[in-house]
Amino acid sequence: MPVKDARDTVDEAVASTLADLPHEAELIVVDDRCRDGTSEKLQEWARRDARVKVVEGPGRGISAALNAGLSQCRAPLVARMDADDVWLTGRWAAQNKAMREVGLAAVGGRVEIFGAGELRDGMRHYQAWLDGLHASDEIYRDRYVESPLVHPATLIRKSALEAVGGWREGDFPEDYALWLALLERGLRLGSVTERVLRWRDSGHRLTRTDARYRLEAHAALKAEHLAREPFVKGGVRLAGAGPTGLRLARLLRARGVAIRGYVEVHPRKIGQRIEGVEVVGYESLGAPDGVHLLVAVGAKGGRQQVREFLEPRGWLETRDFTCVA
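Structure (structure tokens):
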């Protein structure tokens with residue numbers, strides 16, 4: 007649990023975690039140079055419960071704090087938690103069972119998003135999408151859509167973390183970078199159907215305040231991993247010539263990936279050329295021809311509509327096309 011100035015929420019986070027963990031577990035709390043009185047609260051928890059171990063963080067951000075905590079972990083399984091969330095009863099049992107029975111590198115779970123005000127549409131849509139991902143093949147299929155696991159709601163094998171060098175530091179979301187790194191190594195991610203975390207949505211969350219979580223950073227991270235996929239070697243088509251698709255095309259070109267065509271539904275875009283590449287309608291698509299299609303359609307329901315159009319025509323997801331938005 008990395009902690010940075012969380013005086014108002016850390017007690018509930020620690021108490022809820024300890025209430026569900028087995029007696030032999032340890033709670034490694036990384037005090038990442040707190041200055042608001044949180045440090046005193048953490049030391050009090052360590053005095054009250056021998057399972058709590060407080061370590062000093064380097065003060066360089068969440069990835070460095072997480073790696074400092076990882077270096078102190080002795081158990082083969084590492085559960086992530088944040089200092090402003092609430093661990094739900096039954097999480098440990100459900101995730102530990104899935105980890106043992108299914109053989110996953112990491113397992114997430116459903117979350118209950120809460121906050122001071124009404125949830126934004128983006129968070130509601132994200133939660134609904136997450137609730138539909140459980141099996142490892144579903145998570146793999148949608149790996150380029152969004153971060154497929156909620157970071158503080160995951161249980162991760164320590165060996166898997168060590169295999170990818172822990173959490174990367176850089177201008178990108180560290181959680182999404184971890185999931186893509188694990189999947190790139192052929193490891194499997196899964197999720198349980200139980201609600202395992204109350205996930206606080208507030209204006210102070212890093213996802214709202216830190217530039218590493220902006221759309222451009224997410225897109226660049228996707229492009230970095232996509233450029234290493236075997237299916238891009240002969241170039242790709244992009245379904246979607248809007249802002250999402252054009253951003254991804256620019257990032258892929260910068261990494262040496264050829265854009266072989268665009269597919270669109272908008273009649274005013276069909277027939278145009280973008281940097282010399284023709285935009286065609288979906289009706290022009292025949293059977294798969296070896297050029298992988300990246301579906302960069304972010305409109306609500308658009309991804310499913312594309313799937314329903316392609317699959318009856320012989321297009322197999324992950325083999326012939328991949329959803330990236």
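Numbering (this note's numbering), first residue to last: 7 to 331. Beta carbons are placed, not taken as given, at the ideal position from N, Cα and C, and that holds for glycine.
Per DSSP, what kind of secondary structure is Asp295 in: helix, strand or coil?
In the sequence shown, the residue the question calls residue 295 occupies position 289. Asp295 falls in the coil class under three-state DSSP.
Closest Cα partner of Ala245 within the set Lys275, Pro236 and Arg41
Looking up residue 245 in the sequence shown gives position 239. Ranking Lys275, Pro236 and Arg41 by Cα distance to Ala245 puts Lys275 first.
DSSP bridge partner residues for Leu161 (one or two, in chain order):
Numbered from its first residue, the sequence shown carries residue 161 at position 155. According to DSSP, Leu161 bridges with Ala85 and Val113.
Tell me where the beta strand (DSSP E) around Leu203 begins and ends.
Here residue 203 refers to the residue found at position 197 when the sequence shown is read from its first residue. Unbroken beta strand (DSSP E) run through Leu203: Leu195 to Asp207.
Would you report the Cα separation of Trp135 and Pro179, rounded to the nearest angstrom?
The residue given as residue 135 occupies position 129 in the sequence shown. The residue given as residue 179 occupies position 173 in the sequence shown. Roughly 19 Å between the two C-alpha positions.
When you compare each of Leu167, Asp91 and Gly282 to Leu188 by their alpha carbons, which one comes out closest?
Position 182 of the sequence shown holds residue 188. Among Leu167, Asp91 and Gly282, the Cα nearest to that of Leu188 is on Leu167.
Residue range of the alpha helix (DSSP H) that includes Thr145
As a position in the sequence shown, residue 145 is number 139, starting the count at 1. Sequence check: residue 145 is Ile here, not Thr. Annotation: the continuous alpha helix (DSSP H) that includes Ile145 extends over Ser142 to Arg147.
Please state the DSSP three-state secondary structure of Val312.
Taking the sequence shown and counting its residues from 1, the one referred to as residue 312 is at position 306. Residue state for Val312 is assigned as helix, using DSSP reduced to three classes.
With three or more beta-carbon pairs closer than 8 Å as the criterion, would you say the region 315 to 326 touches the region 293 to 306?
Verdict: yes, contact present.
Run through DSSP, which three-state label would Tyr219 get?
The residue given as residue 219 occupies position 213 in the sequence shown. The answer is helix: DSSP assigns Tyr219 an H, G or I state.
Option in Trp51, Ala112 and Glu62 with minimal Cα separation from Asp37
What you label residue 37 is simply residue 31 of the sequence shown in a count that begins at 1. With distances taken between Cα atoms, Asp37 lies closest to Glu62.
When you compare the region 195 to 204 with the region 99 to 119, are there three or more beta-carbon pairs, one atom per stretch, that lie closer than 8 Å?
With a cut-off of 8 Å, the region 99 to 119 and the region 195 to 204 count as touching, because enough Cβ pairs lie within range.
Test item: CB-CB of Ala89 and Val16 under 8 Å
Along the sequence shown, read from residue 1 onward, the residue named residue 89 stands at position 83. Along the sequence shown, read from residue 1 onward, the residue named residue 16 stands at position 10. Note that the C-beta distance between Ala89 and Val16 is below 8 Å.
By the three-class DSSP mapping on this structure, what secondary structure does Tyr288 have?
Here residue 288 corresponds to residue number 282 of the sequence shown, with the count starting at 1. It is helical.
Given a threshold of 16 other Cβ atoms within 10 Å of its Cβ, counted over all protein chains shown, does Thr160 qualify as buried or as exposed?
Numbered from 1 along the sequence shown, position 154 holds the residue referred to as residue 160. Counting C-beta atoms within 10 angstroms of its own C-beta, Thr160 has 16 or more neighbours from the protein chains shown and is therefore classed as buried.
So does the region 96 to 105 actually touch the region 69 to 80, counting three or more Cβ pairs closer than 8 Å?
Two segments are said to touch when three or more pairs of C-beta atoms, one from each, lie closer than 8 Å; by this definition the region 96 to 105 does not touch the region 69 to 80.
Is DSSP giving Gly121 helix, strand or coil here?
Your numbering for residue 121 matches position 115 in the sequence shown. The three-state reading of DSSP puts Gly121 in strand, counting E and B together.
Taking the alpha carbon of Ala19 as the reference point, which residue from Glu230, Leu184 and Val92 has its own alpha carbon closest?
Taking the first residue of the sequence shown as 1, we reach residue 19 at position 13. Closest option to Ala19, judged by alpha-carbon separation, among Glu230, Leu184 and Val92: Val92.
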